[in-house]
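Participant:
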């Protein structure tokens, strides 16, 4: 039996729409419910999922509001009669944002909640994980690296909290896998900044590597995981052309992971709590909610709100 252990970011990015083109959620549902794979959720992942899922919904509304504000500026370039019709349509869209978010995201939240609650194994957090994580923090053992950028004390505290969570999730994954008779497994995460080896993001950090069971794979490329799991379980049959297309997608995804992409340099106030955000500390490039590449995402460290600004990377 194959065991899949996702990190929190995988679940949250699924509802943001990052993996829609791959039919990722559909594959995860079908394979788990049909018992072709075991979906094992660390208890800490479930806690983080419950804590942040509303932030994703709120962030989607902010993203749509931003897009509507940008669209309204087109009125200046339209003839009066056309502009009137255009604005009527825009105002109608503006009034239906809640419905749009419900259609686009809430249905995925419902599906994932059902998958977690009814069809997954929840890996309990043992007291020993917290003690080991504390020792790792003292020794600056992965994932307790800190940031190379200058940070405020609040930002450093938040980093330490996140690293503690990461350490507990990792221990939950390897301990569960090692104590069960799975033929193969995946620890699936996009948090390569904390878990991966410096200079080779495809490999798990050398501190953590000795702790990984031999048949538990460390995977940061979701396209690669999707291709392997759907092919090995018979979920999808690939023609030669489809396989070549998937391999190209995998290579492109890996390039995006490896790229050193510059940060925008400006500030913005969080629309929820009003905190002034700085791009270098409070933003990141990520797969756009609209598909088709990377766009700039904002993350408020004060209230947790995240949203896609729609600013694409050229």
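Residue numbers (my numbering): -14 to 299.
Ideal Cβ positions, reconstructed from N, Cα and C, are used throughout, including at glycine.
1) The beta strand (DSSP E) with residue 283 in it runs from where to where?
2) If I follow the unbroken beta strand (DSSP E) through residue 269, where does it start and stop?
3) Taking its Cβ as the centre, do 16 or more other Cβ atoms sit within 10 Å of residue -9, making it buried, or is it exposed?
4) At which residues does the alpha helix (DSSP H) containing residue 200 begin and terminate?
5) Leaving out five residues on either side along the sequence, give the residues of the same chain with a beta carbon under 8 Å from the beta carbon of residue 235.
6) Excluding sequence positions up to five away, which residues of its chain have a Cβ less than 6 Å from the Cβ of residue 139?
7) Leaving aside the five residues before and after residue 163 along the sequence, list all residues of the same chain whose C-beta is less than 6 Å from its C-beta, in chain order.
8) Confirm, please, whether the CB-CB distance from residue 84 to residue 293 is below 9 Å.
9) With a 10 Å radius around its C-beta and 16 neighbouring C-beta atoms as the bar for buried, classify residue 307 as buried or exposed.
10) DSSP state of residue 254, grouped into three classes?
11) For residue 155 and residue 223, what's the separation of their Cα atoms in angstroms?
12) State the beta-bridge partners of residue 261 as determined by DSSP.
13) What separation, rounded to the nearest whole angstrom, lies between the Cα atoms of residue 20 and residue 75?
14) By how many angstroms is the C-alpha of residue 193 removed from the C-alpha of residue 36?
15) Would you kindly work out how many angstroms separate the C-alpha atoms of residue 216 and residue 161, rounded to a whole number?
16) For residue 71, which residues of its own chain have a beta-carbon under 8 Å away from its beta-carbon, when the five flanking residues on both sides are left out?
17) Report yes or no: do the region 91 to 109 and the region 12 to 26 share at least 3 C-beta pairs separated by less than 8 Å?
18) Alpha carbon to alpha carbon, what distance is there between residue 96 and residue 67?
19) Among 124, 153, 78, 243, whose alpha-carbon lies nearest the alpha-carbon of residue 175?
20) Please go through the region 137 to 188 and give each complete alpha helix (DSSP H) segment of 4 or more residues, from N-terminal end onward.
21) Express the C-alpha separation of residue 77 and residue 153 in angstroms, rounding to a whole number.
22) Give me the residue from -3, 111, 202 with the minimum Cα distance to residue 271.
23) Any contact between the region 86 to 94 and the region 36 to 50? By contact I mean 3 or more CB pairs, one from each, below 8 Å.
24) Per DSSP, what are the beta-bridge partners of residue 108 in this structure?
25) Hey, could you find the ends of the beta strand (DSSP E) residue -13 is sitting in?
26) Span of the alpha helix (DSSP H) holding residue 71?
27) If residue 303 and residue 15 are in contact, beta carbons under 8 Å, what's the gap, nearest whole angstrom?
Facilitator: Inspection of the coordinates gives the following:
1) From DSSP, the beta strand (DSSP E) with residue 283 extends over 279 to 284.
2) DSSP places residue 269 in the uninterrupted beta strand (DSSP E) bounded by 268 to 272.
3) It counts as buried.
4) Where residue 200 is concerned, there is no enclosing alpha helix (DSSP H), given that its DSSP letter is neither H nor E.
5) Answer for residue 235: 206, 208, 209, 212, listed in chain order.
6) Low confidence applies here, because residue 139 scores a pLDDT of 41, under 50, leaving its location unreliable; read the following figure in that light. Contacts found: none.
7) If we look at residue 163 and ignore the five residues flanking it on each side, its Cβ neighbours are 198.
8) Residue 84 sits away from residue 293, with the two beta carbons spaced by 9 Å or more.
9) Because the chain spans -14 through 299 in this model, residue 307 falls outside it and cannot be assessed.
10) Residue 254 sits in a strand when the DSSP states are folded into three classes.
11) Rounded to whole angstroms, residue 155 to residue 223 spans 33 Å at the Cα level.
12) According to DSSP, residue 261 shares a beta bridge with 254.
13) Their Cα atoms are separated by approximately 45 Å.
14) C-alpha separation (whole angstroms): 27 Å.
15) Cα to Cα, the separation comes out at about 25 Å.
16) Leaving aside the five residues that flank residue 71 on each side, the residues in its chain whose CB is nearer than 8 Å to its CB run, in chain order, 59, 60, 63.
17) Proximity of the region 91 to 109 to the region 12 to 26 meets the contact definition, three or more beta-carbon pairs being nearer than 8 Å.
18) It is roughly 41 Å from the alpha-carbon of residue 67 to the alpha-carbon of residue 96.
19) Nearest option by C-alpha distance: 243.
20) As far as the region 137 to 188 is concerned, its whole alpha helix (DSSP H) runs of at least 4 residues are 138 to 163, 177 to 180.
21) Their backbone Cα atoms lie some 46 Å apart in a straight line.
22) Checked all of -3, 111, 202; the closest Cα to residue 271 is -3.
23) Counting Cβ pairs under 8 Å, three or more are found: they touch.
24) Among the bridge pairs identified by DSSP, residue 108 is matched with 27.
25) Start and end: -13 to -9.
26) 65 to 80 is the extent of the alpha helix (DSSP H) around residue 71.
27) In the structure as shown, the chain begins at -14 and stops at 299. Residue 303 is therefore absent and cannot be evaluated.
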